[in-house]
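The block underneath contains the structure these notes are about, expressed in structure tokens.
Residue numbers (UniProt numbering), protein chains in the order written: chain A, 1 to 284; chain B, 1 to 284.
Here it is, written out as structure tokens:
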């Protein structure tokens, strides 16, 4: 039975997990661990966690969830595995999976680790960003499931099912390659759109009256946390550079069509891309 | 008094205007004109318009709203002005303002035209996309207001105020330059994101299970109508090419930072762009 859950990193993802676990499993005790005492106190006051804890307490854990920036996860995970009992499971929720799987591939407690990535989130961060039901109907990608002890993965998957997630299984290399396209590139696209518009318009503040909901939704991800995203781009460097090269080539081609007055070509580019409607219908 | 309003183009914008006018001004009769008989019949069945009409009927109009693609508007506007009475007003709602103002600058009925751009919309199109209250709290940019007869503009502005719009006045050149950044670039950014991801992933359909709400909102505008957007990019070619050059340069710089392992630089780019939060708060 999972009784004591320790959430390391009580921000958007860790905090939202804590809220849902407390809601769905009233008997469970949720402990919070965070570098920031402010965040820990906030999480306690907001009722996100039941109690504050430290890394030294992890020998009491049935489940540890690692919800911190991916570079910190890679550093911390081996030490956490050293601390926990043979009957505990550590699951991480990071947006890259190759490096974290590699760092523990020869760890004696590799079977006590589950590499996963719940595809859920918002552009906000910190304990105040924690919301209920964030994981309802969301995909949770699990990597190298065969390397995790069956009884431990079963307990964890049951819990995540209760939170509304559906599981998909994938190897870490495929995960990191595809997530670069469907998630990491979207973030860079939004950040650079925000940068471009700010650079042009920052001396004309009221010009933003002209911005409608289209700009707002396209640029939304540019509110995201640099502390979380920098290590993701670092760990997934090769794939992210590939996606950026494709994206820049497509933008350059579109610009050339406009410059050459090939507006039939411009029309066809957009017409073909309208296919995204079917794809997005599939997501919903 | 505005009694007979003729909406040319009963799609997303024209249809939504018709719905709100019928709601706020029950005494007004709303006529619909459209190249597509299907769309006209749909608009009638959906209660978007009161009655079908043709261009020959425009001598009965108190107000004509031109809500068709911007290239068609530029062609049609002079003929409409030729048809209407001295007491009628024609307002267009297009996303570019330089060409339409130029085509009627020497027209004897220039004072019967109001160039405007309500900054509102969704990614959908056609009469079925028409929704109530689309213009609530939205900005309506009016260009060359001094060239429109005062009594006519006053009547129109009263009506648009009733629909929830706030008016802003701007010259056509400034409008087209700034709107390229805050609207046209967002659309190209989304279309090319959609294209890049589709090209990479189209043979692996279930990969889109990995796409979360972040991808969905960033790519949303790639559902937009090519028939509407192609002439916008054509009319605003110089400004759109400028914005694309800036955007591509920023993306290329970001890619170079990653390639050079300058992750402090990557962090700072995102940190600086987080300033978009304050800007978006100002919009809401």
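Using N, Cα and C, we set each Cβ at its ideal position, and we do this for glycine too.
What's the gap between the Cα of residue i and the Cα of residue j?
{"i": "residue 83 (chain B)", "j": "residue 133 (chain A)", "result": "58 angstroms"}
{"i": "residue 154 (chain B)", "j": "residue 3 (chain B)", "result": "15 angstroms"}
{"i": "residue 212 (chain A)", "j": "residue 218 (chain A)", "result": "10 angstroms"}
{"i": "residue 214 (chain A)", "j": "residue 81 (chain A)", "result": "46 angstroms"}
{"i": "residue 288 (chain A)", "j": "residue 123 (chain A)", "result": "Outside the shown range of chain A, which is 1 to 284, sits residue 288 (chain A), and nothing can be said about it."}
{"i": "residue 197 (chain B)", "j": "residue 266 (chain A)", "result": "18 angstroms"}
{"i": "residue 51 (chain B)", "j": "residue 8 (chain B)", "result": "12 angstroms"}
{"i": "residue 210 (chain A)", "j": "residue 191 (chain B)", "result": "21 angstroms"}
{"i": "residue 121 (chain B)", "j": "residue 208 (chain A)", "result": "16 angstroms"}
{"i": "residue 168 (chain B)", "j": "residue 180 (chain A)", "result": "41 angstroms"}
{"i": "residue 101 (chain A)", "j": "residue 6 (chain A)", "result": "21 angstroms"}
{"i": "residue 193 (chain B)", "j": "residue 221 (chain A)", "result": "14 angstroms"}
{"i": "residue 250 (chain A)", "j": "residue 240 (chain A)", "result": "15 angstroms"}
{"i": "residue 118 (chain B)", "j": "residue 138 (chain B)", "result": "7 angstroms"}
{"i": "residue 216 (chain B)", "j": "residue 226 (chain A)", "result": "21 angstroms"}
{"i": "residue 115 (chain B)", "j": "residue 223 (chain A)", "result": "34 angstroms"}
{"i": "residue 183 (chain A)", "j": "residue 273 (chain A)", "result": "18 angstroms"}
{"i": "residue 248 (chain A)", "j": "residue 98 (chain B)", "result": "29 angstroms"}
{"i": "residue 278 (chain B)", "j": "residue 187 (chain B)", "result": "22 angstroms"}
{"i": "residue 58 (chain B)", "j": "residue 113 (chain B)", "result": "14 angstroms"}
{"i": "residue 128 (chain B)", "j": "residue 15 (chain B)", "result": "8 angstroms"}
{"i": "residue 185 (chain B)", "j": "residue 195 (chain A)", "result": "12 angstroms"}
{"i": "residue 268 (chain A)", "j": "residue 189 (chain B)", "result": "16 angstroms"}
{"i": "residue 40 (chain B)", "j": "residue 68 (chain B)", "result": "13 angstroms"}
{"i": "residue 27 (chain B)", "j": "residue 79 (chain B)", "result": "28 angstroms"}
{"i": "residue 201 (chain A)", "j": "residue 172 (chain A)", "result": "41 angstroms"}
{"i": "residue 262 (chain B)", "j": "residue 178 (chain A)", "result": "24 angstroms"}
{"i": "residue 281 (chain A)", "j": "residue 275 (chain A)", "result": "10 angstroms"}
{"i": "residue 23 (chain A)", "j": "residue 17 (chain A)", "result": "10 angstroms"}
{"i": "residue 156 (chain B)", "j": "residue 159 (chain A)", "result": "59 angstroms"}
{"i": "residue 53 (chain A)", "j": "residue 170 (chain A)", "result": "33 angstroms"}
Rank the options by C-alpha distance to the C-alpha of residue i and give the top, closest one.
{"i": "residue 32 (chain A)", "options": "A:26, A:24 and A:48", "result": "A:48"}
{"i": "residue 86 (chain B)", "options": "B:30, B:18 and B:61", "result": "B:61"}
{"i": "residue 165 (chain B)", "options": "B:35, B:14 and B:135", "result": "B:135"}
{"i": "residue 126 (chain B)", "options": "B:142, B:186 and B:35", "result": "B:35"}
{"i": "residue 144 (chain A)", "options": "A:162, A:128, A:174 and A:129", "result": "A:174"}
{"i": "residue 253 (chain A)", "options": "A:239, A:240 and A:270", "result": "A:270"}
{"i": "residue 264 (chain B)", "options": "A:230, A:220, A:239 and A:268", "result": "A:230"}
{"i": "residue 21 (chain A)", "options": "A:102, A:163, A:276 and A:281", "result": "A:163"}
{"i": "residue 29 (chain A)", "options": "A:39, A:1, A:188 and A:67", "result": "A:1"}
{"i": "residue 25 (chain B)", "options": "B:216, B:161, B:176 and B:38", "result": "B:161"}
{"i": "residue 176 (chain A)", "options": "A:141, A:199, A:274 and A:130", "result": "A:141"}
{"i": "residue 71 (chain A)", "options": "A:104, A:262, A:228 and A:146", "result": "A:228"}
{"i": "residue 108 (chain A)", "options": "A:53, A:149, A:99 and A:130", "result": "A:149"}
{"i": "residue 38 (chain A)", "options": "A:17, A:105, A:11 and A:156", "result": "A:11"}
So residue i packs on residue j, CB below 8 angstroms; how close in whole Å?
{"i": "residue 90 (chain A)", "j": "residue 66 (chain A)", "result": "6 angstroms"}
{"i": "residue 103 (chain A)", "j": "residue 88 (chain A)", "result": "With 8 angstroms as the limit, residue 103 (chain A) and residue 88 (chain A) do not qualify as a contact, their Cβ atoms being about 18 angstroms apart."}
{"i": "residue 19 (chain B)", "j": "residue 130 (chain B)", "result": "6 angstroms"}
{"i": "residue 151 (chain B)", "j": "residue 110 (chain B)", "result": "About 15 angstroms separates the two Cβ atoms, so there is no contact after all."}
What do you reckon, is the C-beta of residue i under 8 angstroms from a heavy atom of the ligand MN?
{"i": "residue 13 (chain A)", "result": "The ligand MN is absent from the structure shown, which contains no ligands of any kind."}
Across the region 239-258 of chain A and the region 250-265 of chain B, are there enough close Cβ pairs to call them in contact, namely three or more that are closer than 8 angstroms? Yes, the region 239-258 of chain A touches the region 250-265 of chain B.
To be precise: take each residue of the region 233-252 of chain A, compare its Cβ to all Cβ atoms of chain B, and keep it if any distance is under 8 angstroms. Which residues remain? Residues 233, 234, 237, 240, 241, 243, 244, 245, 246, 247, 248, 250, 251 and 252.
Does the count of Cβ pairs from the region 69-79 of chain B and the region 39-48 of chain B closer than 8 angstroms reach three? These segments do not touch.
Could you check whether the region 92-111 of chain B touches the region 225-235 of chain B, counting it as contact only if at least three pairs of C-beta atoms, one from each stretch, sit closer than 8 angstroms? The region 92-111 of chain B is in contact with the region 225-235 of chain B.
With 7 angstroms as the limit, tell me which residues of the region 62-76 of chain A have their beta carbon closer than that to any beta carbon of chain B; keep them in chain order. Within the region 62-76 of chain A, no residue qualifies.
Please list the residues of the region 259-281 of chain B that have a C-beta atom closer than 9 angstroms to any C-beta atom in chain A, keeping them in chain order. Those residues of the region 259-281 of chain B placed with their C-beta closer than 9 angstroms to a C-beta in chain A are 259, 261, 263, 264, 266, 267, 268, 269, 270, 271, 272, 273, 274, 275, 276, 277, 279 and 280, ordered along the chain.
Taking a Cβ distance cut-off of 9 angstroms, strictly less, list which residues of the region 150-174 of chain A are near chain B, in chain order. Per Cβ criterion, the list reads 166, 168, 170 and 174.
Interfacial residues, the region 177-192 of chain B to chain A, with Cβ spacing under 8 angstroms: Those residues of the region 177-192 of chain B that come within reach of chain A (Cβ to Cβ, closer than 8 angstroms) are 178, 179, 181, 182, 183, 185, 186, 187, 188, 189, 190, 191 and 192.
Positions along the region 206-230 of chain B whose CB lies within less than 7 angstroms of some CB in chain A: Cβ contacts with chain A come from 207, 208, 209, 210, 211, 212, 214, 215, 216, 217, 218, 219, 220, 221, 222, 223, 226, 229 and 230.
Near-chain B residues of the region 98-118 of chain A (beta-carbon distance less than 8 angstroms), N- to C-terminal order: Taking 8 angstroms as the upper bound on Cβ-Cβ separation, chain B lies near no residue of the region 98-118 of chain A.
At a CB distance below 9 angstroms, what residues from the region 129-140 of chain A approach chain B? Give them in sequence order. The residues in question are 138 and 139.
For the region 11-27 of chain A, list every residue whose C-beta sits within 8 angstroms of some C-beta in chain B, in sequence order. Going along the region 11-27 of chain A in chain order, one finds no residue with a Cβ nearer than 8 angstroms to chain B.
Pull out every residue of the region 77-92 of chain B whose Cβ sits closer than 9 angstroms to any Cβ of chain A, in chain order. Legend: CB atoms of the region 77-92 of chain B lying less than 9 angstroms from CB atoms of chain A are not found in any residue.
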